[in-house]
Amino acid sequence: MSVETQKETLGFQTEVKQLLHLMIHSLYSNKEIFLRELISNASDAADKLRFKALERPELLEGQGDLKIRINFDKETKTVTVEDNGIGMTREDVIAHLGTIAKSGTADFLKNLSGDQRKDSNLIGQFGVGFYSAFIVADKVDVFSRRADRPASEGVHWSSKGEGEFDVATIDKPEHGTRIVLHLKAGEEEFADGWRLRNIIKKYSDHIGLPIELPKKFYGEEKDRSTEPEWEVVNRASALWTRPRAEIKDEEYQEFYKHVAHDFENPLTWSHNKVEGKLEYTSLLYVPGRAPFDLYHREAPKGLKLYVQRVFVMDQADEFLPLYLRFIKGVVDSNDLSLNVSREILQKDPVIESMKSALTKRVLDMLEKLAKDKPEEYKSFWKAFGQVLKEGPAEDFANKGKIASLLRFSSTGDAFGEQSVSLADYASRMKDGQDKIYYLTGESYAQVKSSPHLEIFRKKGIEVLLLTDRIDEWLMSYLTDFEDKQFIDVARGDLDLGKLDSEDEKKAQEEIAKAKEGLVERLKGVLKDEVAEVRISHRLTDSPAILAIGEQDLGLQMRQILEASGQSVPDSKPIFEVNPQHPLIERLDTEPDEDRFADLSRILFDQAALASGDNLKDPAAYVQRLNKLLVELSA
């Protein structure tokens, strides 16, 4: 044992204390995950050293064969996980094992539910897999040395998971990291070769690095004076390099869990090898649930990049557009240089070609999922639908394919589920209908009872109901689908085209002409509040409604801009009245101009409320309404 120097005892970060308490006292439903997480970390350490050694081969120190070794001792009740990867300095150990530097720490703790299965699913995703060692161990020792440091700068980290840890400097001749788990009473099952072998085959068979166990571990006394013979127990070949026909679904699923740090299976995946002008292999996964930072567009994302099977970088985001940032997987290229950097990736025309092809592959994968497994696609849409809606603005070339993947609520959907595709809508269009009608709003409850839908209900025309905050912005880029134009039913002067008969159009013209006097009186009262007053053809039951000008921002976008502190262009609504409603008929015959003004403003404010807007002067509205009620009760 090396002599320890510069030994000090430090306290864990508060969040680590909470995390350790969770590991030690809560997550017992799947104890064996500790080995998977430690092997995954060891594999990453080896990948990083292999990449750095491309420019500095001396870092390998003559150890060209990178590997992971798992040892155990039934007498001392220990399990050891050792790698000859990049290793850590004293500063690295304190930073990575004493704190959770990742920005998602608060989110991790906030997302803990008390449900063991759900909470264990969060461990890898938040980059805190090392602490899973404390599920089975009451003490953990870590011995490490970074590959570019001398043997005298090894480090020993030790903790019982009780709020503090010790760090000391040691001599460590070999680079890499050795983790020794001192098993708790009752966890001796893990100091067993067969048990460890089964866990490795179950979770880590896909690791492209040899994972070794002592060769003679079953029932024989070990000679402690000699170095054990080692046996590779995993396939030790990168999964994506193998023929698809040889890979079982379970292997694809376990590899996903490794690259995505997820504990649930993916919804679907696509494994593809491209040969010809470009040569690369891709293995792409659609997760089953959204990560905590999905809506943080600046959060790390992207595919693992390999060049000729050599790991180059994590989270290479140049291979897929931002609206597909939820996709996980790897891409292994034969056309890139091993010293490729993010700056080079951003400028290389090869990358643009690969990005185009990979994007199409993901969209095809989603299309197939929607067609073959609609229930699973519903799960996908619930988790990632709002992100996919960013696509039409970012990816003009694939706008049509993205549009076919979108799902909405509609007036034909009694439950408000976003399950209606544009193809579904088009298949139900009325004879003579050549447009797709939609209405945006804050909630399904608000839009489904909007007065804007009255004429559509009367004629049996389906209307899409868009209630996500991104929807109005989306529709500014999604102008048509299969040559059918989108029409906002709350915007402009509604024209139903062939859906209105010639007799109906003639009747509308006659009514508008007959009510010109009423329209002029209303303009005189509401001239400061409205851009225009006109007779409505949208209404059957309500007295009045507010429409939006063709070029004006809708209410949804205005509210988003105001909430973010941005200036909003001045615009006024169009006030439409239903000439056949009793209140409008009564208003038209009101001789008292002051009373006419009060009634007009009450109707205007009610129309604003029905559209989901806020009143500019609620007190004046209440005062006018109370005055009217007093008159009616007199």
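Residue numbers (UniProt numbering): 1 to 634. Cβ atoms here follow ideal geometry from the backbone N, Cα and C, with glycine treated the same way. These numbers were taken from a predicted model, which means no experiment stands behind them.
Which term fits S449, buried or exposed, when burial requires 16 or more other beta carbons within 10 angstroms of its beta carbon?
exposed
Tell me whether the beta-carbon of E82 lies closer than 8 Å to the beta-carbon of R69.
yes
Give the C-beta separation of Y203 and R36 to the nearest angstrom, bearing in mind that I take them to be a contact with Cβ-Cβ under 8 Å.
4 Å
Three-state secondary structure (DSSP) at F190?
helix
Residue range of the alpha helix (DSSP H) that includes P210
Premise fails: P210 is in no alpha helix (DSSP H) and is neither H nor E.
Quick check: what's the CA-CA separation for F255 versus I207?
8 Å
Can you tell me the Cα-Cα spacing of D431 and A290, whole angstroms?
41 Å
Look at the alpha carbon of A185 and the alpha carbon of K389, and state the distance between them as a whole number of angstroms.
52 Å
Per-residue DSSP class, three states only, for M429:
coil
Pick from D395, Y444, D314 that is closest to residue 640, judged by C-alpha positions:
Since the first and last residues shown for the chain are 1 and 634, residue 640 lies out of range.
What residue range is occupied by the uninterrupted alpha helix (DSSP H) comprising H258?
249-260
With H, G and I counted as helix, E and B as strand and the rest as coil, what does DSSP make of T241?
helix
Alpha helix (DSSP H) segments (min. 4 residues) lying fully within the region 388-440:
391-394, 399-405, 422-427
Tell me the rounded alpha-carbon separation between V307 and G612.
54 Å
Just how far apart, CA to CA, sit A531 and E264?
54 Å
From the DSSP output, read off the bridge partner residues of E231.
L213
Please return the same chain residues whose Cβ sits closer than 6 Å to the Cβ of I199, not counting the five positions on each side in sequence.
E32, L35
Of the choices A236, K139, Y477, Q386, whose alpha-carbon is the least far from that of I39?
A236
Range of the contiguous beta strand (DSSP E) that encloses V312:
310-316
On a CA-only basis, which of M429, S421, V463, L453 is nearest Y438? Give me that one, please.
V463
Report all residues from its chain with a CB closer than 6 Å to the CB of I574; omit the five preceding and five following residues, and keep chain order.
A531, E532, A547
Terminal residues of the continuous alpha helix (DSSP H) containing R361?
349-372
Measuring only between beta-carbons, confirm whether S333 sits less than 8 Å from chain B.
Protein chains in the displayed structure number just one, and chain B is not present.
Run the CB neighbour count on E516, radius 10 Å, all protein chains shown included, and call it buried at 16 or more, exposed below.
exposed
Give every residue of the same chain whose Cβ lies closer than 7 Å to the Cβ of L181, excluding the five residues on either side of it in the sequence, and list them in chain order.
T78, V79, A133, V136, A137, V140
How do the region 328-343 and the region 300-319 stand: do at least 3 beta-carbon pairs fall below 8 Å, yes or no?
yes
Looking at the unbroken alpha helix (DSSP H) that takes in G329, where does it start and where does it end?
Segment 328-333 is the beta strand (DSSP E) holding G329; no alpha helix (DSSP H) there.
For a quick check, are the C-beta atoms of D166 and K7 less than 8 Å apart?
yes
Verify whether the separation of the beta carbon atoms of W230 and T281 is less than 8 Å.
no
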